[in-house]
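The listed protein sequences correspond, in order, to chains A and B. With numbering that gives the first Met the number 0 as the guide, the letters of the first sequence map in order to residues 0 to 182. With numbering that gives the first Met the number 0 as the guide, the letters of the second sequence map in order to residues 0 to 249. Glycine included, each C-beta is placed from N, C-alpha and C at the ideal position. For reference, the structure discussed in these notes is given below.
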Amino acid sequence: MTSLAKLLEAALFAAARPISLESLATLDVESSPAALAAAIDELREHYEVDGHGVELVEQGGGWQILTRAEFAEAIERAQVAVRPTRLSAAALETLAIIAYRQPIGRAEVEEIRGVAVGSVLKSLHERGLIDIVGRGEGMGRPLLYGTTPQFLEQFALRHLEELPRADELAIALRGAGNAVVTE
Amino acid sequence: MIASSLRANDTDGSAFVVELSHFTGPLDLLLSLIRDEHVDIYDIPIARIAEQFLARISTLALDEAADYLEMAARLLRIKAQMLLPGANGEETWEDPRAELVRRLLEYQQMREVVDLLERRGEERRHQFNRRWVPQAADFAPASVPLALSLGELLAAVDRVLRIAKEPVLHDVVPRTLDVAGAMSSIRLLLAMRRAARWNDLLNRDAEPWQILSVLLALLELAKLGELRIAQSRPFASVEVESRDVVSEAA
């Protein structure tokens, strides 16, 4: 491996969260973006080809070293690490709406889901999957929610644009596009 | 589909009734009915679907959930509107189902995203990242100005409030009503007169607590079967009769 690839490996090993390309670039200011990209590729292939228990994954706005899926069960059985609990269907629905319509207020989420979402929002917030990103203009200046980097990480998304566009979904809304629903 | 495959171990849903019955909300139930009945979403036989919706929410014991009742009311309203002829001829007639169809499609679209998220999330759950998370103190030397988002601030306030939960103090006002006293004076009065009017039971300048005491005493005595309360017409003065008079008359 090149020394830059080794440096990346060390930094990624030390970090618990995904590291953005910009942060990786600051590890060695002498290296060009092209060299950095090449080093990332090199490290990824190193894990891939030589056969390692971990792999290099791009998600959540950066790069991260993760254990391979095939070992999850054994690791959990030995109680070395615990998988995060699954989200409820209600929580996933709420999250999906926020991911697409952010920033979005509670009333609009409720309008789309047809149920009250107060406690679901609270638990998503506590899990760090959504955050308050501002306040709306409407009555009472409602809190507006958006997704967090943690959301991308937990759903293995590189960035929000990786979600299919609304018009790419099988059932496209007729004409409505991505407009925010108003009552 | 996902509603049934995705049974949550998570109990955070506010509408717990919904979770129990495998539907995440009225739209979910409605979509599943439309699927089961194989009907066209753009041409929903509203009378049939509304009927089934009502049947389902009663058999599923969901009927206490306001969200479902609201949808039931909406369906019945659309059903009624479908029966009305267009006021100004065919051209201006707007399908009363249009808004519902729009919401259903929107909801279904969102459910596709849920499927995607569910798949991705499940894959990701099989991969671990390193557990070591840096202590906040390592990264926040005192010289760095405090930068807080609104969300972080609110979360902090929430945490503090949760820890420092002050006991809720109520000012207990002593109960100044004298129901027992009013009861005995009504009994006394009825023993002498057998019948009385509301005005006879109270002084003209009675205090609110006296009025309330007499009212409660009257109700209490009526409950005990000692007297009968009647009113000749709405807002007329209340007439009180001793129960003995009534039984004698009967």
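Item	Value
Taking only beta-carbon atoms, is Arg130(B) less than 8 Å away from chain A?	yes
In chain B, what lies closer than 7 Å to Leu94(A) by C-beta?	Leu116
Please list, in chain order, the residues of the region 96-127 of chain B that have any C-beta partner in chain A closer than 8 Å.	Arg101, Arg102, Leu104, Glu105, Tyr106, Gln107, Gln108, Met109, Arg110, Glu111, Val112, Val113, Leu115, Leu116, Glu117, Arg119, Gly120, Glu121, Glu122, Arg123, Arg124, His125, Gln126 and Phe127
Does the separation of the CB atoms of Trp62(A) and Leu23(A) fall below 8 Å?	yes
I think Val112(B) touches Leu162(A), with their Cβ atoms under 8 Å apart; what is that distance to the nearest whole Å?	7 Å
DSSP beta-bridge partners for Gly52(A)?	DSSP output for Gly52(A) lists no bridge partner at all.
Kindly indicate which three-state DSSP category Gln134(B) falls into: helix, strand or coil?	Residue placement at Gln134(B) is flagged as unreliable, the pLDDT there being 44, under the threshold of 50; the coordinate-derived value follows with that caveat. Three-state result, Gln134(B): coil.
Given this structure, state the Cα-to-Cα distance separating Arg6(B) from Phe150(A), to the nearest angstrom.	Confidence at Arg6(B) is low in this model, with a pLDDT of 40, below 50, so its placement is unreliable and the value that follows should be read with caution. The straight-line gap from Cα to Cα measures roughly 21 Å.
Measuring straight from C-alpha to C-alpha, what distance separates Asp35(B) and Val116(A)?	27 Å
Report the option in His125(B), Glu93(B) and Ile77(B) whose CA atom is closest to the CA atom of Arg76(A).	His125(B)
For Tyr46(A), which residues in chain B fall below 7 Å Cβ to Cβ?	Chain B residues near Tyr46(A): none, gap ~13 Å exceeds 7 Å.
Would you say the region 86-102 of chain A touches the region 148-168 of chain B, given that touching needs at least three Cβ pairs under 8 Å?	no
Which ranges would you report for the alpha helix (DSSP H) in the region 79-130 of chain B if only whole runs of at least 4 residues count?	97-123
So, is the C-beta of His37(B) closer than 8 Å to a C-beta in chain A?	no
Suppose you measure from the CA of Glu21(A) to the CA of Ala72(B); what does that come to, to the nearest Å?	54 Å
Glu18(A) bridges to which residues according to DSSP?	At residue 18(A) the sequence reads Ile, which differs from the Glu that was named. The partner list for Ile18(A) (beta bridge, DSSP) reads Trp62(A).
Name the chain A residues whose beta carbon is nearer than 9 Å to that of Leu262(B)?	Only positions 0 to 249 of chain B appear in the structure, and residue 262(B) is not among them; the question remains open.
Using beta carbons (cut-off 8 Å, strictly below), is Asp137(B) in contact with chain A?	Annotation note: pLDDT 43 at Asp137(B) (below 50); position unreliable, coordinate value reported separately. For Asp137(B), the answer is no, since every Cβ of chain A falls outside 8 Å of its Cβ.
Starting from Leu151(A), follow the alpha helix (DSSP H) in both directions and report where the run begins and ends.	Pro148 to Gln153
Going by DSSP, name the residue or residues bridged to Tyr144(A).	Ile103(A) and Ile131(A)
Hey, out of Leu74(B), Ser57(B) and Ala65(B), whose CA is closest to Ile48(B)'s CA?	Leu74(B)
Kindly list the residues whose CB is nearer than 7 Å to the CB of Pro102(A), restricted to its own chain and excluding five residues on each side of it in sequence; keep chain order.	Val132, Gly133, Leu143, Tyr144 and Gly145
Under the rule that 16 or more other beta-carbon atoms within 10 Å means buried, what is Phe127(B), buried or exposed?	buried
Helix, strand or coil: which one does DSSP assign to Glu57(A)?	strand
Identify which residue in Asn198(B), Ala97(B) and Pro207(B) has its Cα closest to the Cα of Ile77(B).	Ala97(B)
For Arg227(B), list the residues DSSP reports as bridge partners.	Glu240(B)
Taking only three categories from DSSP, how would you classify Ala115(A)?	coil
Residues of chain A with a CB under 8 Å from the CB of Gly150(B): which are they?	His124, Asp130, Ile131 and Val132
Give me the residue from Lys121(A), Ala106(A) and Ala14(A) with the minimum Cα distance to Glu136(A).	Ala106(A)
Does any C-beta atom of chain B lie closer than 8 Å to the C-beta of Gln63(A)?	yes
When you compare only the Cα positions, how much space is there between Pro83(A) and Ser122(A)?	14 Å
Counting only the same chain and skipping the five closest in sequence on each side, list residues whose C-beta sits under 7 Å from that of Glu251(B).	Outside the shown range of chain B, which is 0 to 249, sits residue 251(B), and nothing can be said about it.
For Phe234(B), count the other beta carbons within 10 Å of its own beta carbon; 16 or more makes it buried, fewer makes it exposed. Which is it?	exposed
Would Leu153(B) pass as an interface residue toward chain A - the criterion being a Cβ-Cβ separation below 8 Å?	yes
Can you give the Cα-Cα distance for Asp199(B) and Ala79(B), rounded to whole angstroms?	53 Å
Tell whether a beta-carbon distance below 8 Å holds between Ala15(A) and Arg123(B).	no
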